[in-house]
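Everything below concerns the one structure shown next.
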Amino acid sequence: MEKGMLSADLEGLPEEDKHRMATLIDQLQIRDSLRMYNSLVERCFTDCVDTFQRKSLTKQEDTCVRRCAEKFLKHSMRVGMRFAELNQGAATQE
Amino acid sequence: MEKGMLSADLEGLPEEDKHRMATLIDQLQIRDSLRMYNSLVERCFTDCVDTFQRKSLTKQEDTCVRRCAEKFLKHSMRVGMRFAELNQGAATQE
Amino acid sequence: MEKGMLSADLEGLPEEDKHRMATLIDQLQIRDSLRMYNSLVERCFTDCVDTFQRKSLTKQEDTCVRRCAEKFLKHSMRVGMRFAELNQGAATQE
Amino acid sequence: MAAPNNAPTVLDKEQIFGMAEKEMEYRVELFNKLTHTCFNKCVEKKYKESELNMGENSCIDRCVSKYWHVTNLVGQLLGTGRPPM
Amino acid sequence: MAAPNNAPTVLDKEQIFGMAEKEMEYRVELFNKLTHTCFNKCVEKKYKESELNMGENSCIDRCVSKYWHVTNLVGQLLGTGRPPM
Amino acid sequence: MAAPNNAPTVLDKEQIFGMAEKEMEYRVELFNKLTHTCFNKCVEKKYKESELNMGENSCIDRCVSKYWHVTNLVGQLLGTGRPPM
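Residue numbers (the UniProt record's numbering), protein chains in the order written: chain A, 1 to 94; chain B, 1 to 94; chain C, 1 to 94; chain D, 1 to 85; chain E, 1 to 85; chain F, 1 to 85.
Following this line, the structure appears as structure tokens:
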């Protein structure tokens, strides 16, 4: 997670508070990755699974889910890179 | 809510902390049921209400909302049962 | 934010707690306005932007986003007024 | 660490604040869902202008009213016995 | 303010409670997404009756099972090594 | 319970941490919405392969850029005066 606009206010804080801030960031990242996981499952399930004749995935559905997940992760990484560049640019413009 | 993966870490905690954990679980359940309520209203409204000639529900819309809510609750209970079975199975497999 | 059903329980609380409650309300309003902002961007982007031949908005997309945002805000204010009236009515009926 | 005899009071207070927080979150979420749902039902998405026209305005008023009815109806069916809006 | 030598313990405890909270939130969200997704896939939205019929019931059972498989499959692909459901 | 003269300091600190938390949540949500929206706009959902092709890649780059413009535009219209991204 990149420098928030509040970071300036936090520079002067004692060690204990910096530690607490780090914990907060960690926990938000955990929450975020769990949410990402949930929404990835939901998306790939919704896009790939449409037959309910049996309890396990068909070969086709299995393949579709794997590609969907892989594609989404690659997409997500690319978006992350572009997003960081734009934030960088905005920060240096100020 | 079933045993989380962190429950092992909590066994050794003093009474006070167990109480706090119970409070946490209660509050998440309250939040969850309020969210479920909100999303049930949104779903049944979206599926059932489509005419805006008057301010109150038509007889048809009223019936549709009742069936929708009942059906969703039955569905939700069934999903809960299946979900619990799968968790059970996964827990005993380990 | 209007009087919640818990407000009665809070009347007797000392100053310190009232201050804490005010802080809580402030923070929920900040979170709410940031979420509103995010969902407004998502909605107007989804409704207005559909060509990806260049990196900046076309004149048409720019106009569409402005109207979308303005329209949504007016809509949101109107809903807020009606919502308040209904809550008012419900409160006096009790 | 708080002295043991203080602990319950502190926790009860936490519970009150926690409940108040959930209650407010619930109302905010209700308002947001209502707003988005009625926008979807009533407002023209071509955005030919930035004003709401008369038809959209009266649709919005009725939509909010009907959403309120549905909220109360579902509340009755769930048997919560609490004012849902 | 807690004495400095207590601070780490308090923070560690905060971390444990924080982790437990995230874990529970995750499970609740998983359950909610599963419920809504399988309702969309399996249940007829005309609401001609308030009962689930046999076809809907067996679709729901299979849908939950398949959702569980997808959850595990995606978990493997992400290499989290944790039981995702 | 903290001594009364400490209370404001503690609360102010709570406010700073609370604000920082909201700020980070906002950025995470922005990133997530952006990611999902651009996936919907740019990526073929048949999943015939697991690679992004050239067309998809350049669509994603432009989509992120346009989303950024819309975020700034809406920020201006709301008159927040804060860097929204």
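Heads up, the beta-carbon is just placed ideally off N, CA and C, and yes, glycines get one too.
- Task: Consult DSSP for residue 53 of chain B and reduce its assignment to one of helix, strand or coil.
- Result: coil
- Does any CB atom of chain D fall closer than 7 Å to the CB of residue 80 of chain B? no
- With DSSP collapsed to three states, give me the class of residue 8 of chain B. Low confidence applies here, because residue 8 of chain B scores a pLDDT of 48, under 50, leaving its location unreliable; read the following figure in that light. Helix.
- Task: Give the secondary structure of residue 26 of chain F by DSSP, where H, G and I count as helix, E and B as strand, and everything else as coil.
- Result: helix
- State yes or no: is the beta carbon of residue 52 of chain D nearer than 7 Å to at least one beta carbon in chain C? yes
- Beta-carbon gap between residue 52 of chain A and residue 62 of chain E smaller than 7 Å: yes
- Task: Report the option in D:14, D:67, D:73, D:15 whose CA atom is closest to the CA atom of residue 38 of chain D.
- Result: D:67
- Is any beta-carbon of chain B found at less than 7 Å from that of residue 57 of chain D? no
- chain E partners of residue 74 of chain B, CB-CB under 7 Å? 52
- Task: Determine which residues of the segment 15-34 of chain A have a Cβ less than 7 Å from any Cβ of chain E, and write them out in chain order.
- Result: 16, 19, 20, 23, 27, 30, 31, 34
- Please confirm if residue 59 of chain A has its CB atom under 7 Å from at least one CB of chain E. no
- Message: So the candidates are B:13, B:35, B:45; which of them puts its Cα closest to the Cα of residue 62 of chain B?
- Response: B:45
- Message: Tell me the residue span of the alpha helix (DSSP H) that contains residue 34 of chain A.
- Response: 15-48
- Query: For residue 175 of chain B, is the classification buried or exposed, using 16 other Cβ atoms within 10 angstroms of its Cβ as the cut-off for buried?
  - Reply: Nothing in the structure corresponds to residue 175 of chain B, since chain B is present only between 1 and 94.
- Task: Starting from residue 73 of chain D, follow the alpha helix (DSSP H) in both directions and report where the run begins and ends.
- Result: 54-78
- Query: Do you know offhand how far residue 71 of chain C's Cα is from residue 44 of chain D's?
  - Reply: 10 Å
- Message: Any beta carbon from chain B within less than 7 Å of residue 26 of chain E's own beta carbon?
- Response: no
- Can you say whether residue 69 of chain C is buried or exposed, counting buried as having 16 or more other CB atoms within 10 angstroms of its CB? buried
- Message: Counting only C-beta atoms, is residue 62 of chain A closer than 7 Å to chain F at any point?
- Response: no
- Message: Comparing C-alpha positions only, which one of B:87, B:76, B:16 sits nearest to residue 51 of chain E?
- Response: B:76
- Which residue's Cα is closest to the Cα of residue 14 of chain F: C:48, C:26, C:13? C:26
- Message: Between residue 35 of chain E and chain B, is the shortest Cβ-Cβ distance under 7 Å, so that the two count as touching?
- Response: yes
- Query: Got a sec: does the ligand ATP put a non-hydrogen atom nearer than 6 Å to the Cβ of residue 50 of chain B?
  - Reply: You won't find the ligand ATP in this model; it holds no ligand whatsoever.
- Task: Report, in whole angstroms, the separation of the C-beta atoms of residue 29 of chain E and residue 87 of chain A, which I expect to be a contact under 8 Å.
- Result: About 27 Å; that fails the 8 Å criterion.
- Item | chain D contact for residue 40 of chain B (CB, 7 Å cutoff) | yes
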